[in-house]
């Protein structure tokens with residue numbers, strides 16, 4: 031049977047993907063137009079559902095002072111059936127992958143190079159070293175606890191960098207596997223929950239430790255996982271502590287760029303095998319870096335910066351909702367104690383590291 035005959039028998043919604051998968055075959059523009067419109071129609075219901083559930087989670091979070099990421103996951107899991115066979119399946123999948131990458135790229139609008147230089151060399155060195163140590167320990171402890179390396183990298187990266195956003199970003203450049211989404215969910219749920227606990231108790235613990243506002247800001251910004259949790263803990267102590275915590279946290283977020291590049295390069299052979307010998311470069315990282323540079327040079331109008339920041343937050347909220355939808359409660363109950371213990375160990379380790387350096391007077 032000829033290729034054209036095969037194509038005629040394919041469902042219109044699948045035709046574009048089929049043509050795209052044939053090496054060296056590039057359909058004409060007239061052939062692409064209709065399938066693309068069909069594809070958009072197929073994605074719309076799932077995207078709309080993710081947006082609606084995310085909006086509900088955000089509403090609850092704002093009125094009850096709850097972590098929005100965790101609520102998105104939990105509400106998403108309630109609507110797990112939406113990710114199964116049906117009109118919303120493709121849109122949920124698209125939201126959890128493509129919209130996630132766009133959201134990660136737009137994080138660049140929140141960062142400037144001046145954020146890095148304002149802290150000084152000692153603090154910058156501590157942030158970089160801590161990230162390397164925590165990710166390395168994540169892999170080592172995962173091996174000791176008989177967890178797979180993928181889980182250790184995701185939990186280590188989420189703990190070291192920026193919580194749920196880092197876990198989602200890192201998973202987007204890792205080779206697709208049967209356990210990737212499950213392991214990503216474990217990292218997101220566990221790290222978000224641990225970050226919430228830290229946000230509540232760290233200000234109390236810092237009071238007992240007798241740290242000044244600047245030191246408190248470094249400890250909070252360097253150890254609590256999510257940006258919103260850093261804001262909550264930092265400004266509950268003082269404005270100076272909150273400002274310092276945010277800057278340290280943004281440095282950690284900025285480090286997501288080189289870490290993502292390293293992950294992409296480290297997994298390039300596996301990615302190439304899954305892509306018929308072609309290495310898939312994470313092009314959304316170019317968007318991330320471009321926004322950081324443009325923002326640092328003050329080339330983006332303030333109104334546009336605010337819009338990009340809001341869009342990033344909203345896309346990540348929708349993406350994490352989609353991740354929740356793709357995971358059943360049955361999978362949640364099968365997490366076991368080992369991943370949670372790993373998250374606890376990682377959180378304690380990074381806190382001890384920062385506190386030791388702070389009280390030693392090195393920064």
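Numbering (our numbering), first residue to last: 31 to 393. Beta carbons are placed, not taken as given, at the ideal position from N, Cα and C, and that holds for glycine.
Proximal residues to residue i (C-beta, below 6 Å), its chain only, five neighbours per side dropped
{"i": "residue 228", "result": "254"}
{"i": "residue 213", "result": "180, 181 and 184"}
{"i": "residue 136", "result": "338, 341 and 342"}
{"i": "residue 101", "result": "87, 90 and 91"}
{"i": "residue 77", "result": "121 and 125"}
{"i": "residue 39", "result": "For residue 39, the predicted structure reports a pLDDT of 47, less than 50, and the residue's modelled location is therefore unreliable. A value from the coordinates is still provided. There are no such residues."}
Proximity below 8 Å, CB of residue i to CB of residue j
{"i": "residue 189", "j": "residue 380", "result": "yes"}
{"i": "residue 349", "j": "residue 125", "result": "yes"}
{"i": "residue 139", "j": "residue 345", "result": "no"}
{"i": "residue 203", "j": "residue 290", "result": "yes"}
{"i": "residue 267", "j": "residue 246", "result": "yes"}
{"i": "residue 235", "j": "residue 260", "result": "no"}
{"i": "residue 156", "j": "residue 323", "result": "no"}
{"i": "residue 175", "j": "residue 372", "result": "yes"}
{"i": "residue 134", "j": "residue 293", "result": "no"}
{"i": "residue 141", "j": "residue 325", "result": "yes"}
{"i": "residue 154", "j": "residue 368", "result": "no"}
{"i": "residue 257", "j": "residue 353", "result": "no"}
{"i": "residue 314", "j": "residue 205", "result": "no"}
{"i": "residue 370", "j": "residue 220", "result": "yes"}
{"i": "residue 280", "j": "residue 145", "result": "yes"}
{"i": "residue 103", "j": "residue 224", "result": "no"}
DSSP-derived helix/strand/coil call for residue i
{"i": "residue 114", "result": "coil"}
{"i": "residue 237", "result": "helix"}
{"i": "residue 142", "result": "coil"}
{"i": "residue 366", "result": "coil"}
{"i": "residue 119", "result": "helix"}
{"i": "residue 255", "result": "coil"}
{"i": "residue 323", "result": "helix"}
{"i": "residue 209", "result": "coil"}
{"i": "residue 371", "result": "helix"}
{"i": "residue 379", "result": "helix"}
{"i": "residue 229", "result": "helix"}
{"i": "residue 224", "result": "helix"}
{"i": "residue 297", "result": "coil"}
{"i": "residue 242", "result": "coil"}
{"i": "residue 289", "result": "helix"}
{"i": "residue 308", "result": "Its pLDDT being 45, under 50, residue 308 is placed unreliably in this model, and the coordinates cannot settle the point."}
{"i": "residue 391", "result": "coil"}
{"i": "residue 202", "result": "helix"}
Residue i burial status per 10 Å Cβ neighbour count (16 or more: buried)
{"i": "residue 56", "result": "Residue placement at residue 56 cannot be trusted, given a pLDDT of 34 that sits under 50; what the coordinates show is reported in the next sentence. Classification of residue 56: exposed, given that the 10 Å Cβ count is below 16."}
{"i": "residue 70", "result": "exposed"}
{"i": "residue 114", "result": "exposed"}
{"i": "residue 351", "result": "buried"}
{"i": "residue 106", "result": "buried"}
{"i": "residue 376", "result": "buried"}
{"i": "residue 274", "result": "buried"}
{"i": "residue 384", "result": "buried"}
{"i": "residue 391", "result": "exposed"}
{"i": "residue 347", "result": "buried"}
{"i": "residue 357", "result": "buried"}
{"i": "residue 95", "result": "exposed"}
{"i": "residue 143", "result": "exposed"}
{"i": "residue 327", "result": "exposed"}
{"i": "residue 97", "result": "buried"}
{"i": "residue 389", "result": "exposed"}
{"i": "residue 81", "result": "buried"}
{"i": "residue 334", "result": "exposed"}
Endpoints, alpha helix (DSSP H) assigned at residue i
{"i": "residue 271", "result": "269–284"}
{"i": "residue 401", "result": "Within the shown structure, residues of the chain are numbered from 31 to 393, placing residue 401 beyond reach of any answer."}
{"i": "residue 174", "result": "151–174"}
{"i": "residue 148", "result": "Here residue 148 belongs to no alpha helix (DSSP H), and DSSP marks it neither H nor E."}
{"i": "residue 91", "result": "59–94"}
{"i": "residue 408", "result": "Residue coverage of the chain in this structure runs from 31 to 393, which leaves residue 408 outside it and unanswerable."}
{"i": "residue 193", "result": "Neither: residue 193 is in no alpha helix (DSSP H) and is coded neither H nor E."}
{"i": "residue 136", "result": "130–136"}
Close-in-space but distant-in-sequence residues of the same chain around residue i (CB under 8 Å, 5 per side omitted)
{"i": "residue 232", "result": "249, 250, 253, 254 and 263"}
{"i": "residue 158", "result": "285"}
{"i": "residue 170", "result": "182"}
{"i": "residue 112", "result": "76, 79, 118, 119, 122 and 355"}
Close Cβ partners of residue i (< 7 Å) along its chain, the five nearest in sequence each way excluded
{"i": "residue 286", "result": "191, 192, 196 and 199"}
{"i": "residue 164", "result": "186, 189, 190, 376, 379 and 380"}
{"i": "residue 152", "result": "392 and 393"}
{"i": "residue 148", "result": "277"}
{"i": "residue 83", "result": "105, 106, 109 and 351"}
{"i": "residue 201", "result": "184, 210 and 214"}
The ligand FMN heavy atom lying under 7 Å from the CB of residue i
{"i": "residue 113", "result": "With respect to small molecules bound, the structure shown includes none, and the ligand FMN cannot be examined in it."}
C-beta neighbour in chain B for residue i, strict 8 Å
{"i": "residue 120", "result": "Going by chain labels, chain B is absent from the structure shown, which holds only one protein chain."}
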